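Top line first, the protein sequences correspond to chains Z and F. Here this note's numbering runs 1182 ahead of the position in the first sequence, where the first position is 1. Here this note's numbering runs 20 ahead of the position in the second sequence, where the first position is 1. For glycine and all other residues, C-beta sits at the position ideal for the given N, C-alpha and C. Treat the numbers as computed from the prediction; the structure is a model and nothing was measured. Working notes for the structure below.
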Amino acid sequence: MSDFLQVLVLGLLLGGVYALMASGLTLLFGVMRIVNLAHAAFIIGAAYIAFFAFDKAGIDPLLSIAITMPVMFAIGVGVYLALFPRIEGSPRFGEMTVLMTFGLALIIEGLLTFFFTGIFRSTRPGYATQSVFIGDLFIPKGQLLALVVSVVLLLVLWAYLTFSRIGTAVRATMQNRSAAQIVGVNVRRISALSFGLGMALAGASGSMLSYLFPFFPSRHWQWVALLLSLIVLGGLGSLKGAVIGAVILSVAAAFVTDQFGPTWSPITFYLALFLIIMVRPQGLFGKAVRI
Amino acid sequence: MLEVVEATAGYGHGPDILNDISLTVELGRRYCIIGPNGAGKSTLLRLICGIIAPRSGDVRFEGRSVGGLRPDQLLEVGISYVPQERTVFPSMSVKENLVMGGFTIKDKGLVNERLATVYRLFPVLGERHGQLAGTLSGGEQQMVTLGRALMVQPKVMMIDEPSLGLAPLMADQIFDTIRELSDLGITVILVEQNAYRGLQASDWGVVLDLGTKRFEGPAESILDDPRIRELYLGSQIAGKEGSA
């Protein structure tokens, strides 16, 4: 029983960070119907910012969120304005975004490898190797802090989308883009903002990834596949779905690791992805949409 | 006065849908635009409300050029649009949908005032204010989109195919409401597939074909004109007393 609880807790701890990573991805799809295959490449890019902030200036990776979020926000707005308005309205918009972001991921990976080489990196703040015990439960401190930060950021995002005027416009654009335009929402501005927000979430995720998981430039492929499986389970474009999908799969992967060993953990996500696409392609909270 | 001046327009890189069309809309009247499928009726509304920009020519409103402005900018000058597709925000409540209609209004008190006006016009929306709009019937969703467009108290309201897919009784109710809009001082431009019904709800009819204006005149005279009946109202007159 305590074993079961232990595995469950370890799964839940990582679920928070997964949810944060996936929330940005699902936000981009929800607002703009962009399938951002470069999302994890941006996360890894942000992890490098956190890495050098830690290595050169001794800035704690959790504090580096104050740098990675605004920097990634600005990059996101720039990338959106440079690439996407010109293909807006194209009947092949969905497919084009997949190809464009695939290319973008390759470019980012190439640049990162060129400048920072392909060696493993990770930041080593004190808490990354510490742990606490609650009764018999073993809790890695770094993962606990990451969970707390992720939950706080997700709550802030939720409150912003629910209660602010601009956040309401973002939700309206997600639900019906042409109707949002008709009631006077400047959908292009909302799209640029949402792309920035999604990237800011990727930035915060990257700061945390820098000490949770060792990384190198081409690592992003594995991550983006994992993130896609999370948001497909939850339903593309649904924030609630992304969070619930992340928690379910993170816990499932923890159990698979416990039973069959860590080598099998990634399989959990891909197997789940295949099952969902066969059984319920719109995901738990998604609507059937065309892209 | 709203004027479309020798405008040509189409979508993306596609062909021209509207060819050199001119139309003058006197404020305070109810207009119905009729014509066969593909005549450019909906495109004309989308041009006026700013979803597409004129390729040549212009749209003028109250003496100023508004062709090429964005929909949100046109809302601010008083032109609002109710599209043909049901465009509620499905996961927002009825009330949230209506409040979204007042998105461009910064004054919250004014939004609440307008909300009360919409509830007076559509009592059923008041009763269902907390219900998610996506779970409403087609007719109720149409009321939400009409109510939402009314939140800005537009000077001109363009309504595309309001009765599409509605039960006859519900369609009657929608047309009654459209007549009431005139009493609120709103100029209505209606596009209606059911030409007979649309003209009955209007005072002025405009016949469109192949992207340009063929004819315009008082609605009754169009209904009585044998040539136009034959060409554009066709079989619908046979179903005059029915719901067509």
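Original post:
Per DSSP, D36 of chain F is paired with what?
Top reply: F:G30
**OP:** Kindly list the residues whose CB is nearer than 6 Å to the CB of L1418 of chain Z, restricted to its own chain and excluding five residues on each side of it in sequence; keep chain order.
**Re:** F1211 and G1468
Subject >> Closer than 9 Å at the beta carbon, the chain F residues around S1360 of chain Z >> reply: I71, P103, E105 and T107
Original post:
At a CB-CB cut-off below 8 Å, which residues of chain F make contact with Q1464 of chain Z?
Top reply: Those within 8 Å of Q1464 of chain Z in chain F number zero; the least Cβ separation is about 14 Å.
**OP:** Thinking G1258 of chain Z and M1381 of chain Z are a contact (beta carbons under 8 Å), I'd like their distance in whole angstroms, please.
**Re:** 3 Å
Original post:
Any Cβ of chain F within less than 9 Å of the Cβ of R1268 of chain Z?
Top reply: Not closer than 9 Å to any Cβ of chain F, the Cβ of R1268 of chain Z fails to qualify, so no.
**OP:** Can you pull the chain F residues whose beta carbon is under 7 Å from the beta carbon of V1365 of chain Z, in chain order?
**Re:** M120, G121, F123 and R168
**OP:** Locate the alpha helix (DSSP H) running through E116 of chain F, then write down its first and last residues.
**Re:** V114 to G121
Original post:
So, is the C-beta of P91 of chain F closer than 9 Å to a C-beta in chain Z?
Top reply: yes
Original post:
Between which two residues does the beta strand (DSSP E) carrying F81 of chain F extend?
Top reply: Counting along the chain, the beta strand (DSSP E) containing F81 of chain F begins and ends at S76 to F81.
Subject >> Beta-carbon proximity of L1409 of chain Z to M1203 of chain Z, cut-off 9 Å >> reply: Closer than 9 Å, so yes.
Subject >> Assigned secondary structure, I1316 of chain Z (DSSP; H/G/I helix, E/B strand, else coil) >> reply: strand
Original post:
Mind listing which residues of the stretch 1418-1436 of chain Z have their C-beta closer than 9 Å to chain F's C-betas, in chain order?
Top reply: Residues of the stretch 1418-1436 of chain Z with a C-beta less than 9 Å from any C-beta of chain F: none at all.
**OP:** Could you tell me which residues DSSP puts in a beta bridge with G237 of chain F?
**Re:** F:G225
**OP:** Establish whether the CB of P182 of chain F and some CB of chain Z are separated by less than 9 Å.
**Re:** no
Subject >> the stretch 1214-1233 of chain Z: positions lying closer than 9 Å to chain F by Cβ >> reply: none
**OP:** Starting from the C-beta of I1231 of chain Z, find all residues in its chain whose C-beta is less than 6 Å away, skip the five residues before and the five after it, and write them out in chain order.
**Re:** T1250
**OP:** Enumerate in chain order the residues of its own chain whose CB-to-CB distance from A1428 of chain Z is below 7 Å, with the five nearest sequence positions on each side excluded.
**Re:** G1197, Y1200, A1201, A1204 and L1412
Original post:
So, using beta-carbon positions, are M171 of chain F and V138 of chain F closer together than 9 Å?
Top reply: For the pair M171 of chain F and V138 of chain F, the CB atoms are nearer than the 9 Å cut-off.
Original post:
Do you know offhand how far L1194 of chain Z's Cα is from G1324 of chain Z's?
Top reply: 13 Å
Original post:
Does any residue of chain Z bring its CB to less than 9 Å from the CB of T63 of chain F?
Top reply: no
Original post:
So which residues on chain Z does G150 of chain F lean against when the C-beta distance must stay under 7 Å?
Top reply: None at all; the shortest Cβ gap to chain Z is about 16 Å.
Subject >> Range of the contiguous beta strand (DSSP E) that encloses I71 of chain F >> reply: Looking at the DSSP string, I71 of chain F is not in any beta strand (DSSP E), and its letter there is neither H nor E.
Original post:
The alpha helix (DSSP H) with L199 of chain F in it runs from where to where?
Top reply: The residue you asked about is not Leu; residue 199 of chain F is Arg in the sequence shown. First-last of the alpha helix (DSSP H) with R199 of chain F: P188 to D203.
**OP:** Give the interface partners of S111 of chain F over in chain Z, defined as CB-CB distance under 7 Å, in chain order.
**Re:** Those within 7 Å of S111 of chain F in chain Z are Q1357.
Original post:
What are the boundary residues of the alpha helix (DSSP H) that R140 of chain F is part of?
Top reply: K128 to L141
**OP:** Can you tell me which of Z:I1247, Z:R1274, Z:L1391 and Z:M1282 puts its alpha carbon nearest to the alpha carbon of A1264 of chain Z?
**Re:** Considering only alpha carbons, the answer is Z:M1282.
Subject >> With 16 other Cβ atoms within 10 Å as the buried cut-off, status of I125 of chain F >> reply: Answer is buried; the Cβ neighbour count reaches 16.
**OP:** Write down the C-beta distance between D180 of chain F and Q104 of chain F rounded to the nearest angstrom, noting that I regard them as a contact closer than 8 Å.
**Re:** 4 Å
**OP:** Between the Cα of T1295 of chain Z and those of Z:S1272, Z:S1400 and Z:A1228, spot the shortest distance and give me the residue it belongs to.
**Re:** Of Z:S1272, Z:S1400 and Z:A1228, the residue nearest in Cα terms is Z:S1400.
Original post:
Which partner residues of L100 of chain F appear in the DSSP bridge assignment?
Top reply: For the record, residue 100 of chain F in the displayed sequence is Ser; it is not Leu. The partner list for S100 of chain F (beta bridge, DSSP) reads F:M177.
Original post:
Do we get a CB-CB distance below 9 Å when we pair T28 of chain F with the residues of chain Z?
Top reply: no
Original post:
Roughly how many angstroms separate the alpha carbons of I53 of chain F and R1215 of chain Z, rounded to a whole number?
Top reply: 34 Å
**OP:** Closer than 6 Å by C-beta to G159 of chain F: which residues in its own chain qualify, once you throw out the five before and the five after it? Chain order, please.
**Re:** L186 and M190
**OP:** Measure from the C-beta of Y139 of chain F to each C-beta in chain Z and report whether the shortest distance is under 9 Å.
**Re:** Contacts with chain Z at 9 Å (Cβ-Cβ) do not include Y139 of chain F.
Original post:
How many angstroms separate the CA atom of F1236 of chain Z from the CA atom of I1247 of chain Z?
Top reply: 12 Å
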